[in-house]
């Protein structure tokens, strides 16, 4: 995962996004639909706060005992004759996948939606070895044809309309198509079916790995996941190391939390549970199963009281759908595979690129993400901790450091505070102006201009509360 | 009952009327109100920007001011949220201050929360014959869990015609330093908020945090929208003052 898929910095990407009215409208439309869907199904289920707390407890327990459950999962997968590979880095994970594909002399890999495979840039790595890696999730395929990256964890092509999709499909297929959704879907179905039949390898992510049986669980809606896991001879699963559940009982809980939080569905159209590859006497399924378990800085979060809970995430995307910042700027502005509040926290933790660090600023700390999270990850607190790390590692600007140094001195003493704010108030009245009378300097002075460009300055009244309070008699009770 | 007012620096400097209304309202509800002179700020601007030692210096001074109070009441869910949600962690490494901080945390209340949960009053006897809408501030509702109290008080006000705000729970885009660091994003957020405020045809936008109201007010003014932002304390107090006048007349 890199932060430089889009070459500009955060502010550049945000500026681009804010000018894209179509994108912003599409993001709002989809986010609202998902958000109201979630509200409806969680209300119908009832006791949602209790469900969330149970979800938190299960995820916390699993992550606290991750070594145990990873070991159990691995033993169970291997006992059934399948393979588990551990990858410390994103590079290593891609290497393992490529070497499996090369050993099979594979030319075509069909892939079902997987954020981890995006994280390791698997498509590009296969491409380097002349192996075609085709996205088969409709949204992912659209994004792949457009040579873009997903802009939402579960709705990757949230930012494309059907006319853009039509143009992409016509260019790919070399045939004229109409803009009707049914025509476009039929085209995708036909083209993708051809590919499923030709593919040497099917690649998927993994929503949950169940430790007690070594099973891989996939929640999907389009059926392409099932094609990927049954038609090609080899199935490669790529999963983050934290993506485990101890038992099938825990899966029952997550099956209630994940689809409701993600799409507002009671359950996704398909739930695939795969326990090993095809066994003797079975009619279908891959003949060989490889599970690549990726670390990529995840294990560094273990034992960290501030960030361990980020590993509780079940990748539902509910935090994106309620985030007022994501709502305005969409996913690409985050410049990373993971966007929205989860991306703003996860990206800097998984990626040492200093440009990823500034993502912690992309939040108003409103806490809507925490409130929406089905496993109660305190993302808003984590963003504050990340900002502290940025300060501690000297990443913030010198003007900002100096300002907060001064703030610490002045605002910890009521004497200094009264003295300095008295000067500040005169300065505002004479130099900056108040209300709509924003003077020349107000729109040019650092910090102040950030406010004054778009908003009226609050006019400083002639007297402070302290002064008025003293004048009215202060702490003495008023006489009637 | 003795109440120490935690006015907040923003109200002290820019919105003194909110502090005065808070005090007047609490006195009318039978509280003995003081405003300790040593208070300054909760430290949130530095804390939320990652400057923890600076935030701790500011917070330590506030703890010293309020640790011996009986009740501390603030017309800000955000500043009160800073105290309740973050002070225990902020002083975890400073045992000398931690116990004082915890005493402060245990008696710090947001205004509407204090009136409804501690004073157990839901009707303060106010009159405010206007069409109003209400923006729930994120920190008050999400950090403090003060969700119903402001509306409980507002609904009891005589004459209020209430117009619900679409997606009221969405952040207004203030976020302290966020509003200047990510100015354009913040502006897009407040624009959406203002759009919904306009849709209500309200005369007043009621809130419980001057940070949010200052942000929305700044944008309302630039867009020339004639809706007046007003703190809940002012609604609850001004209305009551009007009623007193009526009774006297």
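Residue numbers (my numbering), protein chains in the order written: chain D, 453 to 932; chain S, 215 to 463. Glycine included, each C-beta is placed from N, C-alpha and C at the ideal position.
Which residues in chain S sit within 9 Å of residue i, going by Cβ to Cβ distance?
i: residue 905 of chain D; result: 397, 398 and 401
i: residue 959 of chain D; result: This structure cannot settle anything about residue 959 of chain D, because the visible part of chain D is limited to 453 through 932.
i: residue 857 of chain D; result: 265 and 268
i: residue 748 of chain D; result: Result: empty, since nearest Cβ-Cβ is about 25 Å, beyond 9 Å.
Look at residue i and residue j and say whether their C-beta atoms are less than 8 Å apart.
i: residue 273 of chain S; j: residue 304 of chain S; result: yes
i: residue 256 of chain S; j: residue 276 of chain S; result: yes
i: residue 686 of chain D; j: residue 752 of chain D; result: no
i: residue 564 of chain D; j: residue 661 of chain D; result: no
i: residue 747 of chain D; j: residue 540 of chain D; result: yes
i: residue 249 of chain S; j: residue 219 of chain S; result: yes
i: residue 321 of chain S; j: residue 286 of chain S; result: yes
i: residue 486 of chain D; j: residue 715 of chain D; result: yes
i: residue 902 of chain D; j: residue 263 of chain S; result: no
i: residue 283 of chain S; j: residue 269 of chain S; result: no
i: residue 653 of chain D; j: residue 610 of chain D; result: no
i: residue 789 of chain D; j: residue 831 of chain D; result: no
i: residue 614 of chain D; j: residue 631 of chain D; result: yes
i: residue 883 of chain D; j: residue 893 of chain D; result: yes
i: residue 568 of chain D; j: residue 692 of chain D; result: yes
i: residue 366 of chain S; j: residue 414 of chain S; result: no
i: residue 713 of chain D; j: residue 664 of chain D; result: no
For a contact meaning CB atoms closer than 7 Å, what does residue i contact in chain D?
i: residue 316 of chain S; result: Here the premise fails: no neighbours, minimum Cβ distance about 19 Å.
i: residue 226 of chain S; result: 916, 917 and 918
i: residue 324 of chain S; result: Those do not exist, as residue 324 of chain S stays about 15 Å from chain D at its closest Cβ, beyond 7 Å.
i: residue 384 of chain S; result: 776
i: residue 435 of chain S; result: 887, 888 and 908
Measuring CA to CA, which of the options is closest to residue i?
i: residue 818 of chain D; options: D/833, D/807 and D/804; result: D/833
i: residue 373 of chain S; options: S/386, S/357, S/337 and S/325; result: S/337
i: residue 623 of chain D; options: D/634, D/825, D/594 and D/848; result: D/594
i: residue 411 of chain S; options: S/327, S/433 and S/328; result: S/433
i: residue 768 of chain D; options: D/528, D/606, D/895 and D/699; result: D/606
i: residue 916 of chain D; options: D/871, D/888, D/882 and D/545; result: D/871
i: residue 253 of chain S; options: D/865, D/626 and D/877; result: D/865
i: residue 791 of chain D; options: D/852, D/773, D/711 and D/805; result: D/773
i: residue 646 of chain D; options: D/718, D/884, D/586 and D/501; result: D/586
i: residue 724 of chain D; options: D/693, D/680 and D/742; result: D/680
i: residue 341 of chain S; options: S/368, S/297 and S/393; result: S/368
i: residue 422 of chain S; options: S/226, S/236, S/215 and S/216; result: S/236
i: residue 473 of chain D; options: D/810, D/779 and D/880; result: D/779
What residue range does the beta strand (DSSP E) around residue i cover?
i: residue 705 of chain D; result: Not the beta strand (DSSP E): residue 705 of chain D falls in the alpha helix (DSSP H), residues 700 to 715.
i: residue 671 of chain D; result: 667 to 672
i: residue 246 of chain S; result: 246 to 248
i: residue 653 of chain D; result: 653 to 656
The alpha helix (DSSP H) spanning residue i covers which residue range?
i: residue 732 of chain D; result: Segment: none, residue 732 of chain D is in no alpha helix (DSSP H) and carries neither H nor E.
i: residue 466 of chain S; result: In the structure as shown, chain S starts at 215 and stops at 463, and residue 466 of chain S therefore has no counterpart that could be examined.
i: residue 871 of chain D; result: 866 to 879
i: residue 411 of chain S; result: 397 to 413
i: residue 695 of chain D; result: Taken as a continuous stretch (DSSP letters only), residue 695 of chain D belongs to no alpha helix (DSSP H), as it is neither H nor E.
i: residue 630 of chain D; result: Careful: residue 630 of chain D lies outside any alpha helix (DSSP H) and carries neither H nor E.
i: residue 781 of chain D; result: 776 to 781
i: residue 683 of chain D; result: Counting along the chain, residue 683 of chain D falls outside any alpha helix (DSSP H), and DSSP gives it neither H nor E.
i: residue 660 of chain D; result: Here residue 660 of chain D belongs to no alpha helix (DSSP H); instead the beta strand (DSSP E) covers 660 to 662.
Look up residue i in the DSSP assignment and say whether it is helix, strand or coil.
i: residue 265 of chain S; result: coil
i: residue 454 of chain D; result: Note that residue 454 of chain D scores a pLDDT of 40, beneath 50, so its modelled location is shaky; the value from the coordinates is reported in the next line. Coil.
i: residue 790 of chain D; result: coil
i: residue 463 of chain S; result: Its pLDDT being 47, under 50, residue 463 of chain S is placed unreliably by the model, and the measurement read from it follows with that caveat. DSSP places residue 463 of chain S in coil when its eight states are reduced to three.
i: residue 806 of chain D; result: helix
i: residue 764 of chain D; result: helix
i: residue 216 of chain S; result: strand
i: residue 333 of chain S; result: coil
i: residue 645 of chain D; result: helix
i: residue 436 of chain S; result: helix
i: residue 862 of chain D; result: helix
i: residue 430 of chain S; result: helix
Listing by chain order, which chain S residues have their CB less than 8 Å from the CB of residue i?
i: residue 813 of chain D; result: 392, 395 and 396
i: residue 927 of chain D; result: 247, 248 and 249
Could you tell me which chain S residues have their CB closer than 7 Å to the CB of residue i, listed as they occur along the chain?
i: residue 671 of chain D; result: Under the 7 Å cutoff, chain S gives no residues; its nearest Cβ is about 28 Å from residue 671 of chain D.
i: residue 786 of chain D; result: Chain S residues near residue 786 of chain D: none, gap ~12 Å exceeds 7 Å.
Residue i touches chain D at which residues, Cβ-Cβ below 8 Å?
i: residue 251 of chain S; result: 866 and 918
i: residue 328 of chain S; result: Here the premise fails: no neighbours, minimum Cβ distance about 18 Å.
i: residue 429 of chain S; result: 907
i: residue 387 of chain S; result: 776 and 816
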